[in-house]
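Its first residue numbered 1, the sequence shown is counted upward by one per residue in the working numbering.
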Amino acid sequence: MRNLDSLSRRGLLLGLGAGTAAMGAGRAALADPVFAEYPFQLGIAAGDPQPDGFVIWTRLAPDPMAIGYGMPSQPVPVKWEVATDRGFSNVA
């Protein structure tokens, strides 16, 4: 990413929210999202900015007070996008 200042929290959330969830192992088709609630209830953080990158981290927890934090028992792949502008017209 060339300009870290152009990355807004909203843009980061939108990019992370674009993540997809797959059905359990052995199923070929992608499922509808697993989450009935927004899975980033505990927030998203970014740090360690460098000229060629940065660190983002979060914990998926659609229900932070529930056992297992409301997460399914299978792995959930997450996809993210980073853009150089707030409108995500130039995805890096």
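Glycine is no exception: its CB is placed at the ideal position from the N, C-alpha and C atoms.
On the DSSP letters alone, give me the boundaries of the beta strand (DSSP E) that residue i sits inside.
i	result
P49	I44 to Q50
I56	G53 to T58
Going by DSSP, which residues form a beta bridge with residue i?
i	result
A83	V91
Assign residue i to one of two classes, buried (16 or more other C-beta atoms within 10 Å of its C-beta) or exposed (fewer than that).
i	result
V82	buried
If contact is defined by three or more beta carbon pairs under 8 angstroms, each pair taking one atom from either stretch, is the segment 34-50 in contact with the segment 64-72? yes
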